[in-house]
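With the UniProt record's numbering, letter number 169 in the sequence shown gets 169, and the count goes up by one each step, no holes.
Beta carbons are placed, not taken as given, at the ideal position from N, Cα and C, and that holds for glycine.
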Amino acid sequence: MRSFLIRRQVTALQVSYQQRFHTAAKSSSSSSRKTTLPFLSFIKPKNETCLLHRNTSTDSTTAFENYTLNVEKALMKEDEGRLFSDITQDGIKTLQGIGPIAEQTLHTLGLRTIEDLATYKFYHMAKSIQVLATTAEGTFRPVGSVMNVDGAVDKPFQTKTLKEILESPVSALRGLSEDKGAMMKDHLGLATVNDLADFKFCKWAESIAFLGKYEGKN
Numbered sequence: 001m002r003s004f005l006i007r008r009q010v011t012a013l014q015v016s017y018q019q020r021f022h023t024a025a026k027s028s029s030s031s032s033r034k035t036t037l038p039f040l041s042f043i044k045p046k047n048e049t050c051l052l053h054r055n056t057s058t059d060s061t062t063a064f065e066n067y068t069l070n071v072e073k074a075l076m077k078e079d080e081g082r083l084f085s086d087i088t089q090d091g092i093k094t095l096q097g098i099g100p101i102a103e104q105t106l107h108t109l110g111l112r113t114i115e116d117l118a119t120y121k122f123y124h125m126a127k128s129i130q131v132l133a134t135t136a137e138g139t140f141r142p143v144g145s146v147m148n149v150d151g152a153v154d155k156p157f158q159t160k161t162l163k164e165i166l167e168s169p170v171s172a173l174r175g176l177s178e179d180k181g182a183m184m185k186d187h188l189g190l191a192t193v194n195d196l197a198d199f200k201f202c203k204w205a206e207s208i209a210f211l212g213k214y215e216g217k218n
């Protein structure tokens, strides 16, 4: 009996609140304002959409929602979902792991954007030497060979094998002074030509810039 009385009281309250809700909604229709009763989450007036349950989210879906690729270890958190082609134009700090000292050092070397890192000529010299060094077989060289990389390395290194050049200081690359070489060693950990060939920030930037040419648009 007691539970029956409680149900009747609840029903009466619901009816009362429904009437108040409709009255308030009609009186404010001219100003396009809706009356919200946040404490009435259990009431859904007939022919009315409960304001507490309406969908207020914006549609942010793209044509790539079912894709799974990501490069989250290479980019700052806020940049992980952007187009590669847009990221290429960013400053180097978009890449994850570049601290203040490394940033200043790279700026001194003229590397301010991801595109600068991607096209850094000394990195490409070092990488090309590294790749071709794996193809050398001992010190064999055909008689009359004119093969050389004179434009990429300073004179003392021009007669060396590619493997020997890899083990040389980064300043062995033609155009990199000893002062800049020392700075790269102290602040970027790039002591040798081989270190520069493996410099992850240049690798990331190069790959981002290249793949940006082949991405689809939303």
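Pull up the CB-CB distance for methionine 183 and threonine 108, whole angstroms please, since I reckon it's below 8 Å. 7 Å
DSSP-derived helix/strand/coil call for glycine 189: Look at glycine 189 here: in three-state DSSP terms it is coil, with no helix or strand label.
Short of 6 Å in beta carbon distance, which residues of its chain neighbour leucine 211, apart from the five on each side in sequence? Order them along the chain. Phe84
Nearest to threonine 62 by CA position, among Arg82, Leu173, Lys73 and Thr113, is which residue? Arg82
Taking the Cβ atom as the reference point for each residue, do alanine 118 and alanine 209 lie within a distance shorter than 8 Å? Yes, the Cβ-Cβ distance between alanine 118 and alanine 209 is below 8 Å.
Have a look at the DSSP bridge pairing and note the partners of glutamate 113. According to the sequence shown, residue 113 is threonine rather than glutamate. Its beta-bridge partners are Gly91.
Member of Asp90, Ala126, Ser145 and Gln89 whose CA lies at the smallest distance from the CA of leucine 166: Ala126
By the DSSP assignment, the alpha helix (DSSP H) with residue 283 in it spans what residues? The displayed coordinates of the chain run from 1 to 218. Any statement about residue 283 would go beyond what the structure contains.
Please state whether DSSP places proline 169 in a helix, a strand or coil. strand
Got a sec, what are the start and stop residues for the alpha helix (DSSP H) isoleucine 129 sits in? 121-133
May I ask you to check if the CB of methionine 183 is nearer than 7 Å to at least one heavy atom of the ligand HEM? This structure does not include the ligand HEM; it has no bound ligands of any sort.
Report back the beta-carbon spacing between isoleucine 129 and leucine 106 to the nearest angstrom; my notes put them in contact at under 8 Å. Not really, about 21 Å apart at Cβ, beyond 8 Å.
Measure the C-alpha to C-alpha separation of lysine 195 and glutamate 215 and round it to an integer number of angstroms. In the sequence on display, residue 195 carries aspartate and not lysine. Their backbone Cα atoms lie some 30 Å apart in a straight line.
Buried or exposed (CB count within 10 angstroms, at least 16 for buried), alanine 136: exposed
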